[in-house]
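So the sequence shown is numbered by my numbering: it starts at 14 and just counts up by one. First up is the structure itself, then whatever we jot down about it.
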Amino acid sequence: MPSEMPKMLIKVIAIFPFLKVTVNTNIIDLNEYLQHILKSTNMKCLTPEKALSGYCGFMAANLYARSIFGEDALANVSIEKPIHLGPEAPVTGHIRIRAKSQGMALSLGDKINLSQKKTSL
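Written out as structure tokens, the structure reads:
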């Protein structure tokens, strides 16, 4: 896990607009969904593991990746488990992706959209 966020990435956060991906999955566990996204996108989680432990019905995590071309991308995962829909309700929420180039953000968004359609069983 990266110990500190690169300075260039901080500039990306401040300047560049984001791409918003709606969570559309059949995964019913918050941690399982996060691990599925990490595995399918090869991103690293910047949020400490201790902050993600426990269960309260919602989760927020920051993910980071660098392409083979040196482009940085940051994703903010904001998900929840809607309690009013019962224990078997799927995870809902949004993922916001920021990157210096629009192509990097779109590519990562497509990868997330394709991966969340699959079951994690």
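Ideal Cβ placement from N, Cα and C applies to all residues, glycine included. Model, not experiment: these values are computed from the prediction.
- Message: Rounding to the nearest angstrom, what Cα-Cα distance links Gly-99 and Leu-121 in this structure?
- Response: 31 Å
- Task: Within its chain, find whatever has a CB closer than 7 Å to the CB of Val-25; leave out the 5 residues flanking it on each side and keep chain order.
- Result: Only weak support is given to the placement of Val-25: the predicted model assigns it a pLDDT of 48, under 50, and the value that follows is read from those uncertain coordinates. Asp-85, Leu-87, Arg-111, Ala-112 and Lys-113, listed in sequence order.
- For Ser-91, name the three-state secondary structure that DSSP assigns. strand
- Item | DSSP state of Leu-134 mapped onto helix, strand, coil | Legend: pLDDT at Leu-134 = 47, less than 50; position of this residue unreliable, value from coordinates given subsequently. Leu-134: coil per DSSP, three-state reduction.
- Report back the beta-carbon spacing between Gly-2 and Ile-96 to the nearest angstrom; my notes put them in contact at under 8 Å. With the chain represented from 14 up to 134, any question about residue 2 goes unanswered, as that position is not in the structure.
- Message: Quick check on the burial criterion: 16 or more other C-beta atoms within 10 angstroms. Buried or exposed for Met-117?
- Response: buried
- Task: Please list, in chain order, all residues of the same chain as Ser-80 whose beta carbon is under 8 Å from its beta carbon, the five residues on each side excluded.
- Result: Ala-86 and Met-117
- Alpha-carbon to alpha-carbon, Thr-54 and Lys-124: 7 Å
- Query: For Val-34 versus Ile-92, is the C-beta distance shorter than 9 Å?
  - Reply: no
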